[in-house]
Amino acid sequence: MRSILIAGIAALLAAPVLIGLAGVVLPAVGYFPALGGDALSLQPFRDLLAVPGIIPSALLSLATGLAATLLSVLVVVGFCAASWGTASFAAMRRLLAPLLAIPHAAAALGLALLIAPSGPLFRLAALPLGLDRPPDLLVVGDPLGLSLTAGLVAKEAPFLLLVALAALPQAKPARRLRLARALGYGRVVAFLLTVWPTVYRQIRLPVLAVLAFASSVVDVALILGPSTPPTLAVRLVGWMNDPDLSLRFLASAAALLQLGVTLAAVLLWLGVERVGTRLLRAAIHGGRRGTADRVVRQVLPLPFRLGALALGLGTAMLLVWSFAGYWPFPSLLPSLSMHNWMRAAASAGPPLRTTLLVAAMATFVALVLVVALLKAIRARGGPMVETKTHLPPALLAAVYLPLIVPQVAFLSGLQIAIIALGWTPGLPLLVAAHLVFVAPYLLLSLADPWFALDPRYERIGASLGRSRPALFLRLRLPLLLAPLLTACAIGFAVSVGQYLPTLLIGAGRLPTITTEAVALAAGGNRGLTAAYALLQTALPCLVFALALALPALRHRRRRGMKPA
Amino acid sequence: MTDAAGLALDQLSIALGDRTLLVVDHPVGPGEVLTVMGPSGSGKSTLLAHVGGFLDPAFRARGTVRLDGQDLAPLPPERRRVGLLFQDALLFPHLSVGENLLFGLHPKLKGRAARRAAVEAALAEVELAGFFDRDPATLSGGQQARVALQRSLLAEPRALLLDEPFSRLDAALKSSVRALVFDAVRRRAIPAILVTHDPADAEAAGGPVVTIGGTP
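Below, the structure written as structure tokens:
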């Protein structure tokens with residue numbers, strides 16, 4: 000019974016991915032009866048290969064995805080190795096939540112405003128260089144995808160630091176570092192050789208999720224990526240959204256190509272991992288202590304801090320632009336105007352409402368599912384046993400499936416499946432599509448604290464004659480109030496940040512603040528775009544703040560409930 | 000035999016895989032403390048987990064455990080009315096001291112005022128009058144141990160399981176808390192099983208001692 004529940008929820012998480020993949024495979028080989036395709040053929044692939052620049056697009060996706068992942072990992076390793084245990088590490092730890100709360104689209108828009116030729120950096124340079132108009136440089140959208148890569152690193156490095164932080168305690172960093180340093184190793188080398196391998200083993204799945212995301216991202220690539228040609232995922236979404244339904248065949252073939260690109264990226268990444276292992280092993284065999292690491296320790300944390308700073312400045316740029324009126328080039332500040340906010344106030348209401356509604360519903364449903372799942376997993380071991388419980392590996396695989404298969408590939412297939420079934424896109428379908436991404440993050444965030452709660456509390460409760468529901472409602476839930484609310488905030492933020500599901504499953508009928516912000520970005524009205532991006536950022540930030548404040552308020556007179 | 004008051008461990012053996020961890024065959028009369036001694040890892044706590052109803056399914060138990068003549072095996076933990084005390088007081092950190100006791104207080108006592116009065120009385124009994132609204136985290140170790148004892152007694156247990164409950168207390172506190180616990184067992188005339196590796200605990204308990212795991 001419990002196993003059935005667990006298997007059922009795992010299937011529920013994995014099913015949309017599998018259905019979505021079937022939904023792209025069939026049209027890609029010409030089968031889509033609703034659109035008159037009833038014979039198998041390779042025509043969609045021939046058409047795809049005939050599209051100008053399709054191979055450069057695919058290579059661009061592969062290269063930016065790999066580069067962004069490799070750089071993100073290196074930035075995080077460098078930061079941890081050089082500053083673990085220092086005050087600046089603790090300070091960055093507190094900054095992580097707001098950095099993570101910034102949605103991808105808003106982060107990309109802020110960065111675009113920051114580095115644009117008309118942005119503040121070039122305005123600052125204008126005076127000494129004697130510029131009186133923005134230089135004619137393709138900084139945002141450069142053909143090599145450098146700004147896209149940089150934007151992805153700035154946003155993904157904090158995520159990887161978060162998962163590394165969760166994995167660090169199991170690597171016993173304090174003890175291992177003490178031991179290695181007693182053997183004469185410098186801090187950085189000691190961390191790399193004794194702590195990092197254990198951490199990396201545990202964050203491999205999140206790293207692969209970053210790789211899959213970076214090689215198939217759409218919203219960030221629309222804002223920061225090149226347009227001649229754009230990345231594969233961007234072109235694919237263009238075809239999926241084309242009113243000409245016959246382009247769905249082409250889009251399906253492109254979705255399969257995208258799967259191939261991401262798979263190739265994963266295979267190449269496995270090679271990167273091997274090189275990394277070799278290097279570490281060689282370092283151990285060599286036995287060099289690396290004690291003269293003072294300069295290295297100053298330099299290594301800089302890229303992470305630079306990325307965090309860029310995200311912060313980008314958000315500040317959104318704020319400035321949203322209040323900007325006339326802003327001629329070399330001036331450092333614009334004239335103040337409420338114009339953008341008045342326009343936003345007139346138009347942002349319905350998309351904001353949809354965003355909130357979808358995020359709240361998806362989070363609630365995900366919470367119920369995840370709690371039922373965790374309860375069933377714990378109960379499987381017997382009543383309130385003391386053995387350490389983990390997520391079963393098969394479940395973990397099902398959970399990571401929607402995070403590792405490129406969104407754009409299986410969501411395209413889901414859209415096709417919805418058309419084939421003749422369903423009308425509406426709120427329930429949109430909530431279900433968001434659930435596919437909200438539930439995994441909620442589960443991953445809640446599982447550790449759920450299993451870590453001392454089982455003796457519930458044993459004592461039961462020995463006092465309290466029923467199981469009473470133990471659940473009066474002990475477990477209140478004791479886990481803070482992690483429960485944090486998990487909900489993460490789920491909510493994930494939903495708010497979703498661009499593709501809203502675009503593809505909502506079929507343009509249910510615009511959210513996110514799709515509207517990305518759409519506005521293409522239109523060139525910076526002030527209004529900035530206002531929308533700020534609204535998009537405000538939602539998750541508000542929810543995170545609540546998730547921190549409510550438990551602190553509820554348990555303000557309980558020292559034992561202070562977060563560790 | 001089956002009508003006897005108290006706790007009866009009849010031919011009880013617990014095994015993990017092929018390895019038999021312990022065999023106990025001993026009655027524990029009302030007001031009596033059976034001390035179970037043995038090195039760490041010998042399965043002392045496993046015995047208590049079995050009696051309390053929390054045995055990990057990886058273990059296999061044979062024989063019977065009867066409480067006042069009733070076989071405990073079919074009863075879920077919350078129906079056994081067997082109180083637990085651990086080496087940590089484990090007061091619920093989200094509740095006040097008084098709420099911890101209210102959580103334990105037997106539901107047959109009805110009415111807010113009456114329940115509050117019973118809790119206040121239980122606090123006064125262990126010299127903690129006026130502690131109702133205190134945060135349990137602000138109490139000393141000895142105070143926490145006394146609250147934990149009162150919490151389990153307010154549920155009116157038919158037996159007590161003591162899992163090294165004195166091992167975290169310093170020497171001076173140890174004897175007073177010991178006296179308090181053993182006194183409660185005697186006055187309520189309920190059986191208790193004490194698991195410990197401190198011979199002084201066994202001596203203070205004054206009851207029969209069984210040693211498990213390895214040579215006695």
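Order-wise, the sequence lines are chains A and B. Everything in the first sequence is counted per numbering that gives the first Met the number 0, starting at 0 for the first residue and increasing by one. Everything in the second sequence is counted per numbering that gives the first Met the number 0, starting at 0 for the first residue and increasing by one. Every residue gets a Cβ at the ideal spot worked out from N, C-alpha and C, and that includes glycine.
| Item | Value |
| --- | --- |
| Contact set between the region 84 to 114 of chain B and chain A, restricted to residues whose Cβ is under 9 Å from the partner | Leu84, Phe85, Asp87, Leu89, Leu90, Phe91, Pro92, His93, Leu94, Ser95, Phe102, Gly103, Leu104, His105, Pro106 |
| Whole-number beta carbon distance between Val35 (chain B) and Ile211 (chain B), since they are thought to touch under 8 Å | 6 Å |
| Beta-carbon proximity of Leu441 (chain A) to Ile489 (chain A), cut-off 8 Å | yes |
| DSSP three-state assignment for Leu310 (chain A), whether helix, strand or coil | helix |
| Three-pair Cβ contact test at 8 Å for the region 73 to 91 of chain B versus the region 456 to 470 of chain A | yes |
| Same chain, Cβ closer than 7 Å to Met0 (chain B), neighbours up to 5 away in sequence not counted | In this predicted model, Met0 (chain B) has a pLDDT of only 45, less than 50, meaning its place in the structure is not dependable; the value taken from the coordinates is given anyway. Closer than 7 Å at Cβ, skipping near neighbours: no residue. |
| Candidates A:Leu541, A:Cys540, A:Val542, A:Ala518, of which the one nearest Tyr531 (chain A) by Cα | A:Ala518 |
| At least three beta-carbon pairs within less than 8 Å, the region 155 to 167 of chain A to the region 114 to 128 of chain A | no |
| N-terminal and C-terminal residue of the alpha helix (DSSP H) that Gly51 (chain B) is part of | 43 to 51 |
| Residues that Arg234 (chain A) contacts on chain B, provided the C-beta gap is smaller than 9 Å | Near Arg234 (chain A) there are no residues of chain B at all, since even the closest Cβ is about 53 Å away, more than 9 Å. |
| Distance between Arg553 (chain A) and Phe44 (chain A) (C-alpha atoms, nearest Å) | 59 Å |
| Gln143 (chain B) in three-state terms, based on DSSP | helix |
| 8 Å Cβ cutoff, Gly141 (chain B) in contact with chain A | no |
| Bridge partners - Gln69 (chain B), DSSP secondary structure assignment | B:Leu66 |
| DSSP three-state assignment for Leu26 (chain B), whether helix, strand or coil | It is worth fixing the name first, because residue 26 (chain B) is Pro in this sequence and not Leu. Residue state, collapsed to three classes: strand. |
| Close-in-space but distant-in-sequence residues of the same chain around Val16 (chain A) (CB under 8 Å, 5 per side omitted) | Leu400, Pro401, Val404, Phe409, Val435 |
| Contained alpha helix (DSSP H) runs [length at least 4] in the region 149 to 182 of chain B, N- to C-terminal order | none |
| Beta-bridge partners of Met36 (chain B), as assigned by DSSP | B:Thr195, B:Thr210 |
| Whether Phe450 (chain A) touches Thr388 (chain A) by CB criterion (8 Å) | yes |
| Start and end residues, alpha helix (DSSP H) containing Asp9 (chain B) | Looking at the DSSP string, Asp9 (chain B) is not in any alpha helix (DSSP H); the run it does join, the beta strand (DSSP E), is 6 to 15. |
| The alpha helix (DSSP H) enclosing Leu20 (chain A), as first and last residue numbers | 1 to 27 |
| Distance, Val265 (chain A) Cα to Leu204 (chain A) Cα | 11 Å |
| Residue nearest to Ile512 (chain A) in terms of C-alpha spacing, selected from A:Gly522, A:Thr501, A:Ala521, A:Ala506 | A:Thr501 |
| Cutoff 8 Å: Leu499 (chain A) Cβ touching any chain B Cβ | no |
| C-alpha gap between Arg61 (chain B) and Pro454 (chain A), whole angstroms | 25 Å |
| Own chain residues within Cβ distance below 8 Å of Thr214 (chain B), not counting five before or after | Note that Thr214 (chain B) has pLDDT 43, beneath the 50 cutoff, so the model's placement of it is unreliable and no number is given. |
| Supposed close pair Asp132 (chain B), Gly97 (chain B) - CB separation, criterion 8 Å | 6 Å |
| Chain A within 8 Å of Ser39 (chain B), Cβ atoms only | no |
| Cβ neighbours of Ala14 (chain A) in the same chain (closer than 6 Å, five flanking residues each side left out) | none |
| Three-way DSSP call (helix, strand, coil) for Ala149 (chain A) in this model | helix |
| Buried versus exposed call for Pro142 (chain A) [16 or more other C-beta atoms within 10 Å across all chains shown] | exposed |
| Straight-line Cα distance separating Leu223 (chain A) from Ala107 (chain A) | 7 Å |
| Whole-angstrom distance between Ala345 (chain A) and Ala27 (chain A), CA atom to CA atom | 42 Å |
| Bridge-paired residues (DSSP) for Leu21 (chain B) | B:Ile13 |
| 9 Å Cβ cut-off: residues of chain A touching Ser151 (chain B) | Ile459, Ser462, Leu463 |
| Cβ-based contacts, 9 Å cut-off: residues of the region 473 to 490 of chain A near chain B | Arg473, Leu474, Pro477, Leu478, Leu480 |
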